[in-house]
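Heads up: the structure comes next, in structure tokens.
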Amino acid sequence: MEDNMNSASKVMELLGLGPLQMSLKLAIELKLFEIINSSSGPHQSNLSASQIASHLPTSNTTTTSTSLDRILSLLASHSILTTTIDEKGERFYGLTPISTHFVPDQYGVSLGPLFMFYHDKVLMESWSYLKDRVLEGSVPFNMAHGMEIFDYMASDERFRRVFNEGLYNHSVHVMGDLLDMYKGFQEGVVGVVVDVGGGTGASMKMLVSKYPQIKGINFDLPHVIADAPPYPGKSILPARVKHVSGDMFKGVPNGDIMFMKFILHSFDDEHCVAILKNCWNALPRHGKLLIAEYVLPSTNISEFPDDASRLAFTLDAMMLVYRAGGKERTLVEYEELGKRAGFHGMKAFPCSLGIMAMELQKE
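So in our numbering, the last spot in the sequence shown is 397, and the numbers never skip.
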């Protein structure tokens, strides 16, 4: 009986995930966590719903604060916020370790923009066609919008900004950990590093800031590079990051290290091998390839109930909806892709957020 009640309770919890996600999206959109973080007063950075409402662009603070209190209570019930009640029965809300990730850090970034991208209306509309993917093999995103996702981004400036902002913030988080963990950028002679599919160049900016002797090339599609800001060098030195537009299926710029972050999971095996072969051709004899991806567990799923594995399976489902051949892979599968392109000697380095950095050698 107790097991049945516990399982039923879990079902009800799953039913509430949608409202929780939309409430969290609202909190990020209205910058509620930033408002709480910037406050000070007798409640030690805790604010009531009415105090938070006073910072919002509304003339009806009474109605707004009532609605906010209900949303904030939901977030507090999932440990996204703390809550205390004063002697008058009014609730005050504060940040937790979870919600601090939605407040810009010392680099000016947070996980908020990535959350907003994942829950943007353009992507959410695609999930209505998940059944068609399973039964017919149709790509849900293509069915919802009449074109594949990268073509859509080129045509929708708003969605492209949401995408770029989300990936920029995520890149800064990931690169900070990767640069602390991975020492390959300081081994041997490394003159040029090419970020293949590097977006607007956030990763390259961080790399050359830590290793100023390296020249960075940020390589991506023309409509992506069009939104990339300049990253000038110090004083009279030239820019240390050069933006180059092109098509990675046709070729990539030459460099000593090829770097790819969250690129291969968007493509099927054949397209991945094509990209990797172009990277192999662009490297010198002793060049290296560094891949950063979320990695699926290679053994029984029930043995991996951890957050990293759940996130990898979640992203795999997202690839199922958004891309024709996109999927997450195991370490063994990534190593096999590398071998097919001519690489060997994989070394894997775990990073934060369940990400794995994989180094492969040309020779």
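Note that CB positions come from ideal geometry on N, CA and C, so glycine has one too.
Run of the beta strand (DSSP E) containing residue i, from where it starts to where it stops
{"i": "Ile132", "result": "Element bounds for Ile132: n/a, residue is neither H nor E."}
{"i": "Asp120", "result": "Element bounds for Asp120: n/a, residue is neither H nor E."}
{"i": "Ala391", "result": "389-395"}
{"i": "Gly372", "result": "Where Gly372 is concerned, there is no enclosing beta strand (DSSP E), although the alpha helix (DSSP H) it sits in stretches over 365-374."}
{"i": "Val275", "result": "275-279"}
{"i": "His378", "result": "378-384"}
{"i": "Ile291", "result": "291-295"}
{"i": "Val242", "result": "Here Val242 belongs to no beta strand (DSSP E); instead the alpha helix (DSSP H) covers 236-244."}
Which of helix, strand or coil DSSP assigns to residue i
{"i": "Asn252", "result": "strand"}
{"i": "Phe193", "result": "helix"}
{"i": "Met181", "result": "coil"}
{"i": "Asp261", "result": "coil"}
{"i": "Ile270", "result": "Residue placement at Ile270 cannot be trusted, given a pLDDT of 41 that sits under 50; what the coordinates show is reported in the next sentence. Reduced to three states, the DSSP call for Ile270 is coil."}
{"i": "Met215", "result": "helix"}
{"i": "Asp229", "result": "strand"}
{"i": "Phe347", "result": "helix"}
{"i": "Arg104", "result": "helix"}
{"i": "Leu115", "result": "strand"}
{"i": "Phe283", "result": "coil"}
Nearest-angstrom beta carbon gap, residue j and residue i [assumed within contact, 8 Å]
{"i": "Val196", "j": "Met158", "result": "Their Cβ separation, rounded to whole angstroms, is 12 Å, which puts Val196 and Met158 out of contact at 8 Å."}
{"i": "Ala358", "j": "Leu310", "result": "About 19 Å separates the two Cβ atoms, so there is no contact after all."}
{"i": "Met380", "j": "Met392", "result": "6 Å"}
{"i": "Ala316", "j": "Asn288", "result": "5 Å"}
Among the options, nearest to residue i - alpha-carbon criterion
{"i": "Phe283", "options": "Ile297, Ala83, Glu221", "result": "Ile297"}
{"i": "Tyr245", "options": "Ala61, Glu170, Val224", "result": "Val224"}
{"i": "Leu51", "options": "Ser111, Asp350, Tyr328, Ile69", "result": "Ser111"}
{"i": "His378", "options": "Ser189, Lys44, Glu369, Pro384", "result": "Glu369"}
{"i": "Lys59", "options": "Asn71, Ser72, Leu108, His89", "result": "Leu108"}
{"i": "Thr364", "options": "Met352, Gly388, Val355, Pro263", "result": "Gly388"}
{"i": "Tyr141", "options": "Ser243, Ser99, Pro287", "result": "Ser243"}
{"i": "His320", "options": "Ala236, Glu221, Leu371, Gly231", "result": "Glu221"}
{"i": "Gln395", "options": "Leu324, Met352, Val45", "result": "Leu324"}
{"i": "His277", "options": "Glu199, Phe347, Ser343, His257", "result": "His257"}
{"i": "Leu129", "options": "Leu148, Pro147, Leu64, Leu106", "result": "Leu106"}
{"i": "Ala236", "options": "Lys155, Gly180, Gly200, Leu349", "result": "Gly200"}
{"i": "Gly231", "options": "Leu212, Met240, Ile251, Asp214", "result": "Ile251"}
{"i": "Met215", "options": "Asn38, Met46, Phe383", "result": "Phe383"}
{"i": "Leu148", "options": "Ser72, Ser113, Glu63, Ile248", "result": "Glu63"}
{"i": "Met353", "options": "Glu367, Tyr328, Tyr127, Met294", "result": "Tyr328"}
{"i": "Leu54", "options": "Arg104, His89, Gly285", "result": "Arg104"}
{"i": "His89", "options": "Thr118, Ala61, Gly280, Asp254", "result": "Ala61"}
{"i": "Met56", "options": "Thr134, His153, Gly372", "result": "His153"}
{"i": "His179", "options": "Ser343, Ser386, Tyr356", "result": "Tyr356"}
{"i": "Lys122", "options": "His135, Ser82, Lys322", "result": "Ser82"}
{"i": "Arg194", "options": "Val156, Ser144, Met292", "result": "Val156"}
{"i": "Ser279", "options": "Gly233, Lys239, Tyr265", "result": "Gly233"}
{"i": "Ser144", "options": "Leu330, Ser205, Glu191, Phe126", "result": "Ser205"}
Boundaries (first-last residue) of the alpha helix (DSSP H) holding residue i
{"i": "Leu324", "result": "Element bounds for Leu324: not the alpha helix (DSSP H) but the beta strand (DSSP E), 322-328."}
{"i": "Asp166", "result": "164-170"}
{"i": "Ser84", "result": "83-87"}
{"i": "Glu304", "result": "303-316"}
{"i": "Gly146", "result": "146-152"}
{"i": "Ser57", "result": "51-63"}
{"i": "Lys155", "result": "155-158"}
{"i": "Ser71", "result": "According to the sequence provided, residue 71 is Asn. The question's Ser does not apply to it. That run of the alpha helix (DSSP H) goes 66-71."}
Buried or exposed (CB count within 10 angstroms, at least 16 for buried), residue i
{"i": "Glu362", "result": "buried"}
{"i": "Thr96", "result": "exposed"}
{"i": "Ala260", "result": "exposed"}
{"i": "Asn40", "result": "exposed"}
{"i": "Ser269", "result": "Since pLDDT at Ser269 reaches only 43, below the 50 mark, its modelled position is unreliable, and no value is offered."}
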